[in-house]
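One structure below.
Numbering (this note's numbering), first residue to last: 3 to 161.
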């Protein structure tokens with residue numbers, strides 16, 4: 003039985019979204035073949051006290067995406083540098099175990115497969131509590147920090 007929306011006449015199916023592969027490319031966007039990215043530890047550079055590989059934005063496209071992404075790698079027993087920004091961030095843990103200190107509070111531990119939320123404007127330090135490298139993909143938005151900083155209630159604060 004097809005899904006029906008309660009606001010449509012009975013028996014009328016809801017519209018299905020167009021599959022991503024069938025959408026025309028956006029003006030200035032790179033061809034689909036150029037959009038496949040691979041996490042490559044050897045491509046990572048030192049940032050924030052850990053190794054990072056910038057994934058998004060990708061080179062070659064005219065349109066700037068609304069989010070940024072990077073693969074991160076932290077050595078066993080290591081800690082990232084403290085970081086604080088006016089962007090929301092999530093960490094998808096690919097391998098290892100760790101924890102994060104968020105605004106001075108040690109949060110519950112995380113492990114492979116967990117999604118860790120880092121709210122904007124809260125200082126965070128990532129800790130690798132395991133004996134193997136901790137790796138994750140960090141997604142953050144907006145791509146660039148706003149010119150005017152806001153607090154967690156969306157009120158303007160001094161930058």
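We treat Cβ as the ideally placed atom computed from N, Cα and C, and that holds for glycine.
If you're wondering where the values come from, they're calculated on a predicted model, not measured in any experiment.
- Sorting 80, 83, 135 by C-alpha distance to the C-alpha of residue 97 places 135 at the top.
- About 22 Å separates the CB atoms of residue 51 and residue 145; that is not less than 8 Å, and the two are not in contact.
- Taking the C-beta atoms as reference points, residue 94 is found nearer than 8 Å to residue 139.
- The C-beta distance from residue 55 to residue 65 rounds to 21 Å, too long to meet the 8 Å contact threshold.
- Distance from residue 88 to residue 148 at the Cβ level is roughly 6 Å; contact confirmed, criterion being Cβ atoms closer than 8 Å.
- Taking a C-beta distance under 8 Å as the contact criterion, residue 90 and residue 125 do not qualify as a contact pair.
- By the beta-carbon neighbour count (other beta carbons within 10 angstroms, threshold 16), residue 106 is exposed.
- A residue is called buried when at least 16 other Cβ atoms come within 10 angstroms of its Cβ; residue 79 does not meet this threshold and is exposed.
- Of all alpha-carbon atoms in 77, 115, 119, the one lying nearest the alpha-carbon of residue 142 is that of 119.
- Ranking 49, 39, 131, 121 by CA distance to the CA of residue 83 puts 49 first.
- Excluding its 5 nearest sequence neighbours in each direction, residue 108 has C-beta neighbours in its own chain below 7 Å: 101, listed in chain order.
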